[in-house]
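Peer 1: There's a structure below that I have some questions on.
Structure, rendered in structure tokens:
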């Protein structure tokens with residue numbers, strides 16, 4: 443993860459091992475506003491992390507990136523304000539997400555649909571790709 | 761005036777690039793024909809880095825995700841370039 447963060451210095455990534463959380467901060471490439479993403483890694487790697495966009499000032503649930511076009515493909519930024527990817531726990535049906543078809547969250551690495559990541563750097567990389575395609579914030 | 765030697769200023773037929781993966785500290789080096797499709801090199805690199813899923817492509821240093829269906833040369837990839845492997849798989 444450190445090597446990725448060094449190569450993409452517009453991101454500030456902090457891993458808090460006490461609460462097993464990752465804080466990622468950058469600026470929205472179009473809107474310019476601060477982006478603050480909070481990931482919970484309790485249970486990882488047996489289960490994927492939770493990913494939430496928070497308000498950069500208050501830390502409360504914050505604005506969510508609008509879906510953009512990534513090389514003609516759909517965005518991971520789902521209309522339900524969650525990241526729709528197998529590396530996102532909240533996408534699984536067990537957590538009220540849209541994907542009951544993906545099975546149990548403990549089998550997350552076996553999901554072969556859409557965006558795929560298994561380690562933190564890959565997840566941040568995918569997040570960065572889709573954020574760069576985002577036209578702004580979801581209303 | 762005769763023709764100049766070589767390939768008439770088009771450059772060498774092969775290029776050498778470095779490819780990083782998100783979790784890698786060191787890149788892998790590839791020497792390929794510049795007409796190689798981006799997707800072909802991305803798939804090769806993904807396999808070499810141990811990836812088994814997703815839709816890999818290469819991202820250049822201008823943060824542009826290259827078109828998998830185009831030759832490297834058409835995507836302005838040149839000798840000595842550093843590229844990063846990214847997954848452009850989307851939501852489903």
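Chains as they are written, first to last, in the working numbering: chain Y, 443 to 581; chain E, 761 to 852.
Glycine included, C-beta positions come from ideal geometry on N, C-alpha and C.
Apart from the five residues on each side of it in sequence, which residues of its chain come closer than 6 angstroms, Cβ to Cβ, to residue 457(Y)?
Peer 2: The residues are 464.
Peer 1: Got a sec, what are the start and stop residues for the beta strand (DSSP E) residue 778(E) sits in?
Peer 2: Run containing residue 778(E): 774–780, per the beta strand (DSSP E) assignment.
Peer 1: Give me the DSSP bridge partner(s) of residue 551(Y).
Peer 2: Residue 551(Y) is not bridged to any residue.
Peer 1: What does residue 809(E) touch in chain Y if you count any residue whose Cβ is under 8 angstroms from its own?
Peer 2: What residue 809(E) touches in chain Y: nothing, since even the nearest Cβ is about 10 angstroms away.
Peer 1: Can you tell me which residues form a DSSP beta bridge with residue 456(Y)?
Peer 2: DSSP, once it has assigned bridges, lists 465(Y) as partnering residue 456(Y).
Peer 1: Per DSSP, which residues does residue 482(Y) bridge with? Please list them.
Peer 2: According to DSSP, residue 482(Y) bridges with 463(Y), 492(Y).
Peer 1: Along chain E, in chain order, which residues have C-beta atoms closer than 7 angstroms to that of residue 555(Y)?
Peer 2: Residues of chain E passing the Cβ test: 852.
Peer 1: In whole angstroms, give me the CA-to-CA distance for residue 566(Y) and residue 800(E).
Peer 2: Spanning the two alpha carbons is a distance of roughly 24 angstroms.
Peer 1: Could you tell me the boundaries of the alpha helix (DSSP H) in which residue 845(E) lies?
Peer 2: Here residue 845(E) belongs to no alpha helix (DSSP H); instead the beta strand (DSSP E) covers 842–847.
Peer 1: Just grab the DSSP bridge partners of residue 788(E) for me.
Peer 2: The partner list for residue 788(E) (beta bridge, DSSP) reads 779(E).
Peer 1: For residue 565(Y), name the three-state secondary structure that DSSP assigns.
Peer 2: It is helical.
Peer 1: Could you check the C-alpha separation between residue 571(Y) and residue 847(E) for me, to the nearest Å?
Peer 2: So the two alpha carbons sit approximately 8 angstroms from each other.
Peer 1: So is residue 581(Y) buried or exposed if we call it buried at 16+ other beta carbons inside 10 Å?
Peer 2: Label assigned to residue 581(Y): exposed.
Peer 1: Taking the continuous beta strand (DSSP E) assigned at residue 819(E), which residues delimit it?
Peer 2: Unbroken beta strand (DSSP E) run through residue 819(E): 816–819.
Peer 1: Apart from the five residues just before and just after residue 796(E), which ones in its own chain have a Cβ nearer than 8 angstroms to its Cβ?
Peer 2: Taken in chain order, the residues that qualify are 831, 832.
Peer 1: Exposed or buried, what is residue 560(Y) when buried is set at 16 or more other beta-carbons lying within 10 Å of its beta-carbon?
Peer 2: Its Cβ being crowded by 16 or more others within 10 Å, residue 560(Y) is buried.
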